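Sequential numbering from 0 applies to the sequence shown in numbering that gives the first Met the number 0. Don't be surprised by glycine CBs; every beta carbon is placed ideally from N, CA and C. Remember, predicted model here, so these are calculated numbers, not experimental data.
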Amino acid sequence: MSTLKTIFLISTIILAKQESLDNLILSLEIKNGEEITKYFDSKSEIIIDNISHKGNRYQQSKILDEFYIDNNINKFNIIHQGDSENNIIYILAEYSSNNDLYKVLLILKNINKNYTIEKFKIDTVS
């Protein structure tokens, strides 16, 4: 393989990994359950109003889609994003509908720019 092809391939892979978190955030904004669950593994958990949901990616995707449809979610807003020791990243955000506001907490593990959602928590704001 030529040097130019090798450099192109490596830079494409690096850029794809760096964009991974941006892709997740975009998926959250457009409410794409299938894309969001690509960041799940077998231990990932969705908690909606203190009810825990676990399962395979397909099941988790359906849980999120149902939440978006049932609550007429129309906006996603990141409040704060940060990281801590042990490669843990957290995102504090809000989903809103015409009538309600929902607090969102995402806890992700970052291993070599590969992000896995450990917990996706959604709580209705009273």
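To the nearest angstrom, report how far apart residue i and residue j are at their CA atoms.
i	j	result
Asp-122	Phe-39	20 Å
Lys-61	Asp-99	21 Å
Ile-88	Ser-51	21 Å
Ile-110	Gly-81	15 Å
Ile-106	Asn-86	10 Å
Gly-54	Leu-27	19 Å
According to the Cβ coordinates, are residue i and residue j closer than 8 Å?
i	j	result
Phe-119	Ile-45	yes
Ile-116	Ala-92	no
Leu-20	Tyr-114	yes
Leu-41	Asn-70	Note that residue 41 is Ser in the sequence shown here, rather than Leu. No, Cβ-Cβ distance for Ser-41 and Asn-70 is not below 8 Å.
Asn-47	Phe-66	First, the residue type needs correcting, since residue 47 is Ile and not Asn in the sequence shown. Yes, the pair counts as a contact, with Cβ atoms nearer than the cut-off.
Ser-43	Gln-58	no
According to DSSP, is residue i part of a helix, a strand, or is it coil?
i	result
Thr-96	Going by the sequence as given, residue 96 is Ser instead of Thr. Looking at Ser-96 - three-state DSSP - the assignment turns out to be coil, as it is neither helix nor strand.
Ile-116	strand
Gly-32	helix
Lys-37	helix
Asn-85	helix
Below 8 Å on the Cβ atoms is my contact criterion, and I expect residue i with residue j to pass it. Report the Cβ-Cβ distance as a whole number of Å.
i	j	result
Lys-102	Ile-72	Actually they are not in contact, since the Cβ atoms of Lys-102 and Ile-72 sit about 13 Å apart, beyond 8 Å.
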